[in-house]
Ligand code: 1CP
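Below, the structure is given as structure tokens:
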């Protein structure tokens with residue numbers, strides 16, 4: 003059993019495995035080299051040779067316990083034939099929604115469109131370097147995907163006031179998202195993903211009254227689907243108002259906390275494995291400060307099943323030497 007599975011399944015507290023959100027990508031020179039020759043981000047995700055190579059880049063460099071597949075949560079709307087572009091210094095830009103066409107979309111066509119992702123997962127999982135390590139497949143949560151598909155650009159800080167005006171559209175779209183998320187998850191698992199992480203990056207945008215309908219119920223459906231396949235699931239409902247309530251209702255196998263969560267408080271409130279928390283900006287400071295903050299998390303969680311990770315993704319300006327120092331600090335603990 004891998005160190006991470008030991009925590010997720012047996013709730014072990016004696017080891018401290020580590021992987022990092024956004025560990026594959028932007029801050030690594032070897033990634034930037036590939037990226038500079040591949041201006042189209044979607045095509046890069048669909049190039050199984052390069053995407054499997056990028057997935058393994060951080061594993062070659064650092065003593066991490068898991069790889070996360072190089073892909074994006076917006077490959078789902080892409081698979082549903084909504085146009086998705088990644089613009090430099092702007093972020094994602096989606097095209098118009100054609101709900102009628104989307105509701106008629108055939109499962110086989112969706113799988114075929116995303117097939118290189120699954121081939122890339124298979125390739126990574128067969129790599130020798132992955133022995134005793136997990137391969138994390140992932141999806142966006144239904145709510146976060148709904149936000150991008152309707153808003154068409156990153157909502158950054160708030161939703162447009164008209165967001166909820168067409169309830170028919172929202173409910174119909176949520177059904178489609180849920181159906182194809184399950185298919186996308188099935189294919190990732192069949193190809194070799196050993197854990198699924200659900201990213202709900204915009205969970206913090208909702209008022210309390212809307213959280214059950216847009217977060218708890220749709221996420222629970224996905225979590226239960228993953229559990230039915232006997233694969234552990236980690237949820238990251240970033241900036242959600244109430245992590246405790248989320249865990250009691252959705253019951254993932256582990257919860258990733260963001261960097262605004264007070265670790266000493268949450269450790270007493272949650273009785274499931276916890277992942278993450280460290281502010282990625284700490285990696286931009288110095289080694290002494292990094293060590294101090296890393297040890298703080300390790301000390302607080304030393305008697306709790308804990309997977310070391312960050313409270314959001316590795317920032318592009320991070321020095322890879324700092325990541326190396328972080329991994330070593332955790333491994334030496
Ligand atoms: O320009 C580039 O080089 C592309 C930058 C990039 C990368 C490296 C994007 C664009 N996506 C990714 C990969 C990615 N995205 C991974 C795999 C790599 C890894 O984690 O190591 C993962 C897990 C994601 C997940 C993702 N994509 C999330 C959830 C996590 C989070 O950061 O909150 C979200 C919201 C996205 C959408 C997305 N993809 C890319 C951008 C610029 C955005 C928009 C972010 C925003 O709205 O501000």
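Numbering (the working numbering), first residue to last: 3 to 335. Think of the CB as a built atom: it goes at the ideal place given N, C-alpha and C, for glycine as much as any other residue.
The residues 47, in chain order, have a CB closer than 7 Å to that of residue 74 in the same chain once the five nearest residues on each side in sequence are set aside.
Sixteen is the threshold: when 16 or more other Cβ atoms of the shown chains lie within 10 Å of the Cβ of residue 240, as they do, the residue is buried. For the set 193, 256, 264, the Cα lying nearest the Cα of residue 309 is the one of 256.
Listed in chain order, the non-local C-beta contacts of residue 176 below 7 Å within the same chain comprise 144, 148, 220, local neighbours out to five positions each way being set aside. Cβ neighbours of residue 105 within its own chain (closer than 8 Å, five residues either side excluded): 174, 178.
Rounded to whole angstroms, the Cβ separation of residue 67 and residue 136 is 7 Å, and the two are in contact under 8 Å. Beta-bridge partners of residue 139 (DSSP): 198. At a Cβ-Cβ threshold of 8 Å, residue 227 and residue 78 do not count as neighbours. Between the region 287-295 and the region 264-276, the count of C-beta pairs closer than 8 Å stays below three; the two stretches do not touch. Counting only residues of its own chain and dropping the five nearest sequence neighbours on each side, residue 130 has no CB closer than 6 Å to any other CB.
Set against 7 Å, the gap from the CB of residue 193 to the closest heavy atom of the ligand 1CP is not smaller. Runs of the beta strand (DSSP E) lying entirely within the region 79-124 and spanning at least 3 residues, in chain order: 86-89, 93-96. Within the same chain, 26, 53, 56, 57 come within 6 Å of residue 72 by CB-CB distance, once the 5 residues on both sides are set aside. Collapsing the DSSP output to three states places residue 277 in a strand. Two segments are said to touch when three or more pairs of C-beta atoms, one from each, lie closer than 8 Å; by this definition the region 12-29 touches the region 313-333. Residue 257: member of the beta strand (DSSP E) spanning 256-258, first to last residue.
Put simply, of 205, 297, 323 the residue whose alpha carbon is nearest the alpha carbon of residue 333 is 297. Of the residues assessed, residue 152 falls on the buried side of the cut-off, its CB having 16 or more other CB atoms within 10 angstroms. Counting along the chain, the unbroken beta strand (DSSP E) around residue 70 starts and ends at 68-70.
The beta-carbon distance between residue 118 and residue 50, rounded to whole angstroms, is 5 Å. This is short enough to meet the 8 Å contact definition. Beta-bridge pairing by DSSP links residue 237 to 200, 257.
If you look at residue 319, you'll find it isn't in any alpha helix (DSSP H); DSSP assigns it neither H nor E. Shown here, residue 165 sits in coil according to DSSP, grouped into three states, outside any helix or strand. Listed in chain order, the non-local C-beta contacts of residue 88 below 6 Å within the same chain comprise 43, 94, local neighbours out to five positions each way being set aside.
Excluding the 5 residues flanking it on each side, residue 223 has same chain C-beta neighbours closer than 7 Å at 180, in chain order. Boundaries of the alpha helix (DSSP H) harbouring residue 33: 31-38, taken from the DSSP string. Residue 33 places its beta carbon 8 Å or farther from that of residue 326. Ranked by Cα distance from residue 323, the first of 287, 335, 295, 304 is 287. Leaving aside the five residues that flank residue 61 on each side, the residues in its chain whose CB is nearer than 6 Å to its CB run, in chain order, 69, 131.
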